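Student: My questions all concern the structure below.
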Amino acid sequence: MLETFMHYMRNHGYVRVFTIVGLGFLLGIVLYLLRLLQVSLFVENIIFYTTVLIVLTIGILLGFFINVPSIKAFLLSFGSTTISLIIYFLLTETVLRWYENSHILFIGIVYLVAAGMEKKFVDKVDSA
């Protein structure tokens, strides 16, 4: 079953997108639950960044197993994190107060860096 899933991940872009959106959705729910539990901002930040690291690792491992360049897997992982933040902001209705939370700035910067790295390195590999 896992082999079949990896085959579909390798050959079908929509399965990759579905997996990334699923990871982002799960991370968004975790963030929303943290907000409901009223934990301190320090604990919330630790859990958030740990979860981001886990999602990033899962994305890169999936990219390794399905032969996607690691920079592209990195970009997909942070894409899922961005999706999770959108879900989190929609659920907590903090869209208008995004500047109060440093998460969006952190993710935005890393996402832009990853996109630039992908454009610079992956396009050269694809054209060679």
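Okay, so the sequence shown: first residue is 219 according to this note's numbering, each after it adds one.
Here a beta-carbon is modelled for each residue, glycine too, at the ideal position from N, C-alpha and C.
If you're wondering where the values come from, they're calculated on a predicted model, not measured in any experiment.
#1: Excluding the five sequence neighbours on either side, which residues of its own chain have a C-beta within less than 8 Å of the C-beta of V257, listed in chain order?
#2: List the whole-angstrom C-beta distance separating S302 from L259, where the pair is believed to meet the contact cut-off of C-beta under 8 Å.
#3: Distance, Cα to Cα, I304 vs V261?
#4: Helix, strand or coil for T222, going by three-state DSSP, please let me know.
#5: Could you check if G242 is buried or exposed, using at least 16 other CB atoms within 10 Å of its CB as the buried criterion?
Tutor: A quick look at the data gives this:
#1: I265
#2: Their Cβ separation, rounded to whole angstroms, is 18 Å, which puts S302 and L259 out of contact at 8 Å.
#3: So the two alpha carbons sit approximately 21 Å from each other.
#4: Correct three-state label for T222: helix.
#5: buried
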